[in-house]
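Okay, structure first, notes after.
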Amino acid sequence: MSKIKSKKVSIIMGSQSDFKTMIFCKKVLKSLNIKFETKIISAHRTPERMYQFAKNAEKNDIAVIIAGAGGSAHLPGMISALTSLPVLGVPIESKKLRGLDSLLSIAQMPKGIPVGTLAIGKDGAINAALLAASIIGNIDSKVKKNLKQFRLTQTRSVKKKPK
Ligand code: RP5
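Be aware that the sequence shown starts at 338, since it is given in this note's numbering, and climbs by one per residue.
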């Protein structure tokens, strides 16, 4: 069993074009002081890379995998099929169907292999990072403290009256 301190979140995405969305994941993890890595892994264009990544994820000290994919977005489901680590899926907003295809591909996993599915696009990327922080917060009290502070700051920033 590896040390809690060495645990990280892996942010993976199907294409370079997904990074303009997944960058928000990275920003949130950074602000909460959570270790992370970023990788381009495509289920259909780089299937061997996907397999190697998923099979080695646990021994590479990954605690949570966040996978962003668009269109027929099978990456999160395929990763989840290859590892028992928690996999969070971020549906990328596709051009033709505005991300509905990505959302349904990721959310509608048949029973047995789960993917925690977030909202389409930027909101989903941000919430995936916050959910990863909640999961890691269970084993890392510093992360829990940072997440609580984030929530408090957010609550305090909401004005009582509209201007
Ligand atoms: C998916 O295809 C990627 O996740 C991306 O959202 C989509 C389009 O990829 P590109 O054609 O922009 O590389 O695999």
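Even for Gly, the Cβ is constructed at its ideal location relative to N, Cα and C.
Exercise for the section: List the residues that DSSP assigns as beta-bridge partners of V346. Expected result: When beta bridges are read from the DSSP output, V346 appears opposite F373, V401.
Practice task
Give a yes or no on contact between the region 386 to 393 and the region 359 to 369, applying the rule of three or more CB pairs nearer than 8 Å.
Solution key: These segments do not touch.
Problem - Three-pair Cβ contact test at 8 Å for the region 371 to 380 versus the region 427 to 439 - result: In short, these stretches do not touch, since the Cβ pair count stays below three.
Exercise for the section: Have a look at P499, R488, D477, K344 and flag the residue whose alpha-carbon is nearest the alpha-carbon of D398. Expected result: Checked all of P499, R488, D477, K344; the closest Cα to D398 is K344.
Handout entry: Endpoints, alpha helix (DSSP H) assigned at P413
Key = Going by DSSP, P413 is part of the alpha helix (DSSP H) stretching over 412 to 419.
Practice task
Could you tell me whether the Cβ atoms of P423 and I443 are closer together than 8 Å?
Solution key: No. Outside cutoff.
Problem - Cβ shell of I341 (< 7 Å), same chain only, five flanking positions each side left out - result: Excluding residues within five positions, the ones whose Cβ falls inside 7 Å are I476, D477.
Problem - Pick from D355, L441, K482, K363 that is closest to G458, judged by C-alpha positions - result: Closest option to G458, Cα to Cα, is D355.
Handout entry: Touch test, the region 404 to 413 against the region 434 to 448, Cβ-Cβ under 8 Å, three pairs minimum
Key = Yes: at least three Cβ pairs fall under 8 Å.
Problem - L425 beta carbon less than 8 Å from that of G449 - result: No. Outside cutoff.
Problem - Buried versus exposed, by CB contacts within 10 Å (16 or more), S421 - result: Under this definition S421 is an exposed residue.
Exercise for the section: Could you give the DSSP three-state label for V427: helix, strand or coil? Expected result: Here V427 sits in strand by DSSP.
Handout entry: Distance, L455 Cα to G461 Cα
Key = When rounded, the distance between both Cα atoms is 5 Å.
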